[in-house]
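What follows is a single structure, written as C-alpha cells, with notes after it.
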Amino acid sequence: MAKVALSSIAKSFGATKVLDGIDLDIADGEFLTLVGPSGCGKSTLIRIIAGLEHQDAGSLAIGGSRVDHLRPHERRVAMVFQSYALYPHMSVGANIALPLTMARLRLWQRLPLLRLLSAERRAVMRGIESDVAAVAAQLQLGHLLDRKPAQLSGGQRQRVALGRAMVRNPDVFLMDEPLSNLDAKLRVHMRTELAELHKRLGTTFIYVTHDQVEAMTMSDRVAMMDSGAILQLGTPSQLYEKPASLKVAQFIGSPAINLLPATVAEGGRVELFGRPLALSVPLEPGQAVTLGLRSEALSLVQGEPGGGRAWFSARLRRKENLGSEYVLHFDLAGRDATGVTMRATPAVAAGVNEAAEVTLGFEEAAAHVFAAAGDRVEPRGQGAATASVVPLRAGA
Ligand SMILES: Nc1ncnc2c1ncn2[C@@H]1O[C@H](COP(=O)(O)OP(=O)(O)O)[C@@H](O)[C@H]1O
Ligand SMILES: [Mg+2]
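Right, here's the structure in full:
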C-alpha cells in the first residue's frame, strides 16, 4: 500500500513563496506526473515528498502513515535525478548495489581490511549480488555490470540510475526530469521503457517534467502546476479535451492551441471577427472572451461556407512538413491575433499554395471558450450541440 497524500503543503525560500498550499492524493500504483513551466515548484514538491526538503506547513502521508518526521531513507521512496548521480569510479554493478551495501552492511564491514575476514559479510554480499542481478536483468543491464559509467551510453546510464532506485524495492518512485539529458530519439524510447517498467512493477510513480509530451504519453494522471499551485489535475485526455483554464490549454498540446479574440453579444452569443457563432455562453454581453481551437479542429473550406458554419479567412504563411502530416501556419491579416496552425494530410497540404488566401472552418462544438480572467466557460447546451454537428469538408 503506497498511496501518497499531500495536504496543504506550503514552502517559501526566504520571501519567495514557492508552494502555496498543495493538496494532492496519489493512488497506490498510479503514474502521476507533475508538469509545468520551469520554476513553478515541481522539484521543490517532489523533494519534499522525498524528504530532501522540509515543508513550512502541511502534511505528507505515504501508505496511510504520516512521514513528515522521517528522514529520506526511512520513507521507503527512491528518487531518480536528472543528473543520474552515478559514481564514476564504481562499476555499474557497484553503483546499483550501493543503496543495499549502505543499508545491509555495517560500517566496519565496509572498511577495506576488516571486510576480507568476515563470513557474515560474504553472505550479505551474495544476497546483494543476486538482488542486483535481478534488477539488472529487468533493465537489460546484465552484460554491463563490470563497466564504468563513462563506458555507457546516455540511455544505459539512465537505466543504471533507475536500477539503483529499483534495487531498494521502494513503495514509491520519485523521478525529477530523468530524461532531460538524453537526445530526442532516446527520450522517445525511454518514455516507452518507463511506462512499461511502471506497468511491470505496479509501484506508485511520481514523475516531474516540464515536457508536456512526456506528461501526456506516460501518465495515468497529470497535475499541471504554475506558480506553486496545481491548476488542474486529471487524465491526459481530460487536460487536453477540457482544459480548465487558458494556461492549461496553452501548455498542453503541440502545436500549441490557437487562440482567437472573441466577444459576447446579446443573449450570450459568441461573436468571432464580428460574426455570430452557434455558440452561447452564460456571460454578460460586451465581455471579451478567448476562443481556443486545436490545430486539428480547423479545416480548409471553399469560400464562405454559409449554413451557419463557423469560418474565418486566413493566408498561408508556411507549410511545415512532418513527414506523415503537415502543420500549416496561417496569418490572420488585419486581425488582432498572432496567427493559427492547422494539421493537414500531405494531400490537403499539396492543394494549397504559400501566400494563398483561404477560408478556415471549424465546428463550434470543438471550440474552447475562456473568460477574460482565463477560466474555462462551458457553452450552453454543449452536449446537444456536439451530437448534431455536421463535419466540415473541403469543398462543402
Ligand atoms: N534552495 C533554494 N533556495 C532558494 N530558492 C529556491 C531553492 N530551490 C528552489 N528555489 C526557487 O523556487 C522556485 C521553484 O523552484 P523549483 O521547485 O526548482 O521549480 P521547477 O522544478 O518547477 O523548475 C524557483 O523560483 C527557484 O528559484
Ligand atoms: Mg526542477
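Following the working numbering, the numbering of the sequence shown begins with 3 at its first residue and continues without gaps. Glycine included, each C-beta is placed from N, C-alpha and C at the ideal position.
Strand pairing of residue i, partner residues [DSSP]
| i | result |
| --- | --- |
| glycine 236 | Val224 |
| glycine 294 | Leu261, His370 |
| proline 278 | Glu273 |
| valine 379 | Val371 |
| arginine 108 | Arginine 108 pairs with nothing; no bridge assigned. |
| glutamate 1 | Any property of residue 1 remains undetermined from this structure, which presents the chain solely from 3 to 398. |
| valine 134 | DSSP output for valine 134 lists no bridge partner at all. |
| serine 93 | None, per the DSSP bridge assignment. |
| cysteine 346 | The amino acid at residue 346 is misidentified as cysteine; the sequence shows alanine. Alanine 346 pairs with Tyr328. |
| alanine 168 | In the sequence as displayed, the identity of residue 168 is methionine instead of alanine. Paired residues: none, contrary to the question. |
| glycine 363 | Ser301, Trp313 |
Close beta carbons around residue i, own chain, < 7 Å, minus the five adjacent residues each side
| i | result |
| --- | --- |
| glycine 31 | Gly204, Thr205, Thr206 |
| histidine 200 | Phe33, Phe207 |
| arginine 49 | Glu55 |
| threonine 46 | Lys13, Val20, Leu21, Glu55 |
| leucine 184 | Gly156, Gly157, Gln160, Met192 |
8 Å CB neighbourhood of residue i in its chain, flanking five on each side removed
| i | result |
| --- | --- |
| alanine 306 | It should be pointed out that residue 306 corresponds to glutamate in this sequence rather than to alanine. If we look at glutamate 306 and ignore the five residues flanking it on each side, its Cβ neighbours are Trp313, Thr361. |
| serine 256 | Gln214, Val215 |
| glutamate 322 | Tyr328, Val329, Leu330, His331 |
| leucine 274 | Leu262, Ala264, Leu293, Ala312, Phe314 |
| glycine 269 | Ser282, Pro287 |
| arginine 382 | Gly270, Ser282, Val283, Pro284 |
| arginine 202 | Gln140 |
C-beta atoms of residue i and residue j nearer than 9 Å
| i | j | result |
| --- | --- | --- |
| histidine 56 | aspartate 70 | yes |
| alanine 369 | leucine 281 | yes |
| serine 297 | isoleucine 259 | yes |
| alanine 246 | leucine 233 | yes |
| valine 169 | isoleucine 98 | yes |
| alanine 63 | serine 120 | no |
| leucine 235 | leucine 248 | no |
| valine 224 | valine 37 | yes |
| alanine 251 | valine 266 | no |
| methionine 220 | alanine 197 | yes |
| glycine 144 | alanine 138 | yes |
| leucine 300 | glutamate 356 | no |
| tyrosine 86 | glutamine 142 | no |
| valine 174 | alanine 80 | yes |
| leucine 146 | leucine 154 | yes |
| leucine 107 | valine 94 | no |
| glycine 65 | alanine 4 | yes |
6 Å Cβ shell around residue i - same chain, five flanking residues per side excluded
| i | result |
| --- | --- |
| alanine 396 | Bear in mind that a pLDDT of 38 at alanine 396, under 50, signals an unreliable position, so the number given afterwards is only what the model happens to contain. If we look at alanine 396 and ignore the five residues flanking it on each side, its Cβ neighbours are Leu302. |
| leucine 279 | Val272, Ala312, Glu366 |
| arginine 320 | His331 |
| leucine 181 | Arg189, Met192 |
| alanine 231 | Asp22 |
| glycine 376 | Ser247, Leu248 |
Buried or exposed by the 16-neighbour rule on C-beta atoms within 10 Å, applied to residue i
| i | result |
| --- | --- |
| methionine 411 | As shown, the chain starts at 3 and ends at 398. That puts residue 411 outside it, with no answer to give. |
| threonine 18 | exposed |
| lysine 13 | buried |
| proline 101 | buried |
| leucine 21 | buried |
| serine 67 | exposed |
| alanine 349 | exposed |
| arginine 124 | exposed |
| methionine 344 | buried |
| serine 239 | exposed |
| phenylalanine 1 | As displayed, the chain neither begins before 3 nor continues past 398, which places residue 1 out of reach and without an answer. |
| leucine 88 | buried |
| threonine 340 | exposed |
| leucine 295 | buried |
Distance cut-off 8 Å: residue i Cβ against heavy atoms of ligand 4
| i | result |
| --- | --- |
| phenylalanine 364 | For ligand 4, the structure offers nothing, since it holds only ligand 1 and ligand 2. |
query = Contact between the region 142–152 and the region 35–52: three or more CB pairs below 8 Å?
reply = no
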